Amino acid sequence: MALVKIREILDGKCENTNVTIRGWVYRKREGKELIFLLVRDSTGVIQCTVKKASPAWSEAEKLTIESALTLEGTAKQDKRAPGGYEISAEAVSIVGLAELFPITKDKSEEFIRDMRHLWLRSRKMNLVMKVRAKVLEYAREYFEKESFTEVSPPMFISAAVEGGSTLFGLKYFDQNLYLTQSSQLYLEILIYSLEKVYCIAPSFRAEKSRTIRHLTEYWHMEGEWPFADMNDLMQFEEGLMEHVCQKVAQNCQKEFAELGADINKLSEVKAPFPRITYAEAIERLKVKNPALKWGDDLGYEDEKVLAEDFGKPFFVYDYPTAIKAFYCKTYRDRPEIALSVDMMVPKIGEISTGGQREEDKDILIKRMKEQDLKPEDYEWYLDLRRYGTVPHAGFGMGLERLLTWMLDLDNIIDSIPFPRTTRRFYP
RNA sequence: GCCGCCGUGGCUCAGCCCGGUAGAGCGGCUGGCUGUUAACCAGUCGGUCAAAGGUCCGAAUCCUUUCGGCGGCGCCA
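For the first sequence, my numbering begins at 1241 and goes up steadily by one.
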């Protein structure tokens, strides 16, 4: 009697052998002479049959949907079973009898979201979480391959990274602190010690955005390194994307198939990506939107139009300085243009923003003042320019936006187990 | 911050426009049947219609406000 995972049986490794599985009741169909149990564990779902004559019958009869159980029987191939294999049960032991499970066939989006803690058991969420874990694994793999060191920045911060209006404030003993919106400034500190650094950590944004691509807490993959320029940055980002997409395409075929997602899209992701300047983007968009002019920020609709043209990830760079953050480096001969780049993907729009950072202390102070920021709040940040300043660049990519695009999810909330949005933070 | 939509038994919905105190399916329960694929058949339990106020002889249905949810824009990853 071997304890096996359901996947092993479905892969045909246990044919005609006696096996024991542990899991939960996924479906139950009960007849006079025969009970069909669909049992799931973390690896898959398998059909089990219990005959009236089996010693397992009386326990199987009592089982309810989502009850935890141990089941022993003979695994065999059977064309009638979903998945092609089933277990003929000889013994069933109830581990935890479930009460009437609230999630049934008919379910609305709202109800599913209220039942998130139980919905995470669904096939869909199980598969999405597996792909998510793989994306994290492959991203780390790429950073490590490129000699980056993973670091751990703080979540509590005392000064804003982006605009102050999107900050979550909180009481920190008798002080006021914030939740970080990006770890960039902290990575900038660490490049002077470790050079190439990255982190995968939450970022928090108090944006009251009500869309299918916003979370108030999202996981940010950020990298920062010295002696880097825009070309280095874009090359790294497209390399990262290519690596993650190719590895997922190779190793997550079962998950994509069951989710009904198109994995070929990922096999096609190869560097180099198309690159257009902001000015070129404006020219392209003017055809459809004549009101658009240089200096306007690209809206979501604009991004989607561009993305549909390319049909794959691409870069837009050289944005107007006026619509970018204070730390963005500007061209010395064209201060109205910032060395900033966004990566866009179809349907979602921006999934990453990066750029060169201003390394000149005086220009940085000037830019802070232009944006009504107090240089004295950023003393430590200015120190980085006082002591061995160096040209450097970095980027931040939204993990959930990446996943939403990869898996073609209807809503970003399904890319993370416990989504936080303006209205949802339970459980 | 602005705009739109939604809120009826445990769940999914119909009824609301053209007011007269609720109807179906699923689930539950009981029974039947079936190598079933979130099956099928019969019976049965179950709601006063998000909340408050108003109009009216009479409100789930009309009006107002509040609460909750979803989405769009803006902003962002």
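For glycine and all other residues, C-beta sits at the position ideal for the given N, C-alpha and C. On a predicted model such as this, the values are computed, not experimentally measured, just so you know.
Looking only at DSSP bridge pairs, what is V1556 linked to?
I1516, D1582.
Assuming H1460 is part of the beta strand (DSSP E), what are its boundary residues?
It spans 1457-1466 - the beta strand (DSSP E) in which H1460 sits, taken as one unbroken run.
Is it buried or exposed for A1565, if we count other Cβ within 10 angstroms and need 16 for buried?
Around the C-beta of A1565, 16 or more other C-beta atoms lie within 10 Å, and the residue is accordingly described as buried.
In this structure, does DSSP put T1283 in helix, strand or coil?
Here T1283 sits in coil by DSSP.
In the structure shown, what three-state DSSP assignment does H1483 receive?
Looking at H1483 - three-state DSSP - the assignment turns out to be helix.
Less than 8 Å between the CB atoms is what I'm expecting for Y1266 and L1250, so what's the real figure, rounded?
That pair is no contact at about 14 Å.
What runs of the alpha helix (DSSP H), each 4 residues or longer, lie entirely inside the stretch 1266-1323?
1297-1302, all fully within the stretch 1266-1323.
Drop a sphere of 10 angstroms on the beta-carbon of S1348, count the other beta-carbons inside from all chains shown, and report buried for 16 or more, exposed for fewer.
So S1348 counts as exposed.
Local conformation of N1491 per DSSP, three classes:
If DSSP states are grouped into helix, strand and coil, N1491 belongs with the helices.
Does the beta-carbon of E1477 have 16 or more other beta-carbons within 10 angstroms, so that it is buried, or is it exposed?
E1477 should be labelled buried.
Have a look at T1629 and L1430 and give me their C-alpha separation to the nearest angstrom.
Put simply, the backbone Cα of T1629 is about 12 Å away from that of L1430.
From Q1493 to V1581, what distance separates their C-alpha atoms?
Their Cα atoms are separated by approximately 32 Å.
What residue does the beta strand (DSSP E) around S1433 start on, and which one ends it?
Taken as a continuous stretch (DSSP letters only), S1433 belongs to no beta strand (DSSP E), being part of the alpha helix (DSSP H) at 1424-1434.
Indicate whether E1301 and S1333 have their beta-carbon atoms separated by less than 8 Å.
Cβ atoms of E1301 and S1333: not closer than 8 Å.
Cutting at 6 Å between CB atoms, please list the residues of its own chain near K1510, excluding the five before and the five after it.
E1482, listed in sequence order.
For S1328, I'd like the list of residues in its chain whose CB is within less than 6 Å of its CB, leaving aside the five on either flank, ordered along the chain.
Around S1328: T1289, G1313, T1314.
Under a three-way DSSP split, which group does N1258 fall into?
In this structure, N1258 counts as strand in the three-state DSSP scheme.
Give the straight-line distance between the Cα atoms of Q1475 and A1531, rounded to the nearest whole angstrom.
Roughly 33 Å separates the two Cα atoms.
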